[in-house]
Amino acid sequence: MRGMSWETLRPQWGLVLGSGLGGFVERITVTDVVPYAGIAGLPQSRVEGHAGEFVFGMLGGVPVVAARGRVHLYEGRTAAEVTAHVRWMAERGIRRLVLTNAAGTSNPDFEPGGWMMLSDQLNLTGTTPLLGGPNFHDMSEVYSKALRTHFATTAKELDIRLHEGVYAGQLGPQYETPAEVRMLRTLGADAVGMSTVLEAIAARALGLEVAGFSCLTNWAAGFHPGSLAHSEVIETGQRAAGTLAALLARAIPAVR
Ligand code: HPA
Numbered sequence: 123m124r125g126m127s128w129e130t131l132r133p134q135w136g137l138v139l140g141s142g143l144g145g146f147v148e149r150i151t152v153t154d155v156v157p158y159a160g161i162a163g164l165p166q167s168r169v170e171g172h173a174g175e176f177v178f179g180m181l182g183g184v185p186v187v188a189a190r191g192r193v194h195l196y197e198g199r200t201a202a203e204v205t206a207h208v209r210w211m212a213e214r215g216i217r218r219l220v221l222t223n224a225a226g227t228s229n230p231d232f233e234p235g236g237w238m239m240l241s242d243q244l245n246l247t248g249t250t251p252l253l254g255g256p257n258f259h260d261m262s263e264v265y266s267k268a269l270r271t272h273f274a275t276t277a278k279e280l281d282i283r284l285h286e287g288v289y290a291g292q293l294g295p296q297y298e299t300p301a302e303v304r305m306l307r308t309l310g311a312d313a314v315g316m317s318t319v320l321e322a323i324a325a326r327a328l329g330l331e332v333a334g335f336s337c338l339t340n341w342a343a344g345f346h347p348g349s350l351a352h353s354e355v356i357e358t359g360q361r362a363a364g365t366l367a368a369l370l371a372r373a374i375p376a377v378r
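The numbering used here puts the first residue of the sequence shown at 123, with every later residue one more than the last.
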């Protein structure tokens with residue numbers, strides 16, 4: 123099927139694969155790969171582990187498109203730029219979007235190496251992709267309750283431990299201080315990262331159903347002595363990626 127033009131495949135689901143999680147595409151029967159570089163208006167990341175391309179294909183009989191790599195606000199991009207891939211996938215026809223990311227855990231019960239499904243989010247970036255218009259979109263259910271129930275049930279069937287909690291999206295690129303992590307915990311954050319929240323807002327404004335998953339790659343600052351390294355985040359992500367891949371590969375084709 124490879125080589126079939128992406129213009130003829132109408133994906134139902136979009137996925138955004140975060141740091142170290144790009145290996146998920148091995149689950150897809152790939153029909154086409156489109157580098158961001160070939161698409162007008164699609165910014166490209168320069169961060170290691172964030173290669174930019176859309177991978178089209180079939181997942182258990184369902185047409186999907188995976189955005190492998192994303193750009194971040196901390197690269198000096200605007201909120202509109204960091205959500206361009208979401209709008210592009212929506213224009214291709216997706217109705218549902220799965221966002222994945224690497225995050226630090228700020229919940230003492232959620233150990234690094236595990237996965238957290240997002241129940242809600244704190245947008246702490248100070249910006250939004252809806253800037254510039256009277257876009258008073260409802261955000262009372264950013265992450266679809268129906269999808270959450272479905273993914274939680276599937277995780278149980280597969281004996282996968284899946285936490286559920288609130289993701290705080292901050293600007294970065296520096297990791298947090300211990301004081302900031304204590305503040306985030308007080309605000310109700312279970313995990314903290316530097317992506318996802320703006321994509322989720324853009325997707326909801328487009329009427330997409332959204333699910334989100336954080337790979338808990340490390341304890342957020344201050345939980346344990348020692349410092350944080352980007353390489354640790356990538357390595358833990360790569361080790362844990364197979365678990366989420368199994369969950370998505372089972373759960374996505376089962377949604378009708
Ligand atoms: N903080 C912010 N972003 C992150 C972290 C973290 O601890 N780990 C992975 N992405």
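Ideal Cβ positions, reconstructed from N, Cα and C, are used throughout, including at glycine.
Computed from a predicted structure; not experimentally measured.
Asked: L293, buried or exposed, once every other Cβ within 10 Å from all chains shown has been counted against 16; Found: exposed
Asked: As assigned by DSSP and simplified to three states, the class of A363; Found: helix
Asked: Residues of its chain near V303, where Cβ-Cβ distance is below 8 Å and the 5 sequence neighbours each way are ignored; Found: G226, S228, V314, A342, A343, G344, F345
Asked: Closer than 7 Å: Y297 CB and nearest the ligand HPA heavy atom; Found: yes
Asked: Segment contact flag, the stretch 241 to 250 with the stretch 155 to 163, C-beta cutoff 8 Å, min 3 pairs; Found: no
Asked: Pairwise C-alpha distance: T153 and M123; Found: Residue placement at M123 is flagged as unreliable, the pLDDT there being 48, under the threshold of 50; the coordinate-derived value follows with that caveat. Straight-line Cα distance between these residues: approximately 5 Å.
Asked: Sub-8 Å separation of G291 and M211 beta-carbons; Found: no
Asked: R168 classed as buried or exposed, judged by whether at least 16 other C-beta atoms fall within 10 angstroms; Found: exposed
Asked: The ligand HPA heavy atom lying under 7 Å from the CB of M238; Found: no
Asked: Proximity of E298 and M238 at Cβ, strictly below 8 Å; Found: no
Asked: Residue of L366, R378, V377, A371 minimising C-alpha distance to T382; Found: Any answer about residue 382 is impossible in this case: the structure gives the chain only from 123 up to 378.
Asked: Buried versus exposed call for H259 [16 or more other C-beta atoms within 10 Å across all chains shown]; Found: exposed
Asked: Presumed contact (8 Å Cβ cut-off) between A363 and F176, rounded CB distance; Found: Going by Cβ atoms, the distance from A363 to F176 rounds to 19 Å, so no, they are not a contact pair.
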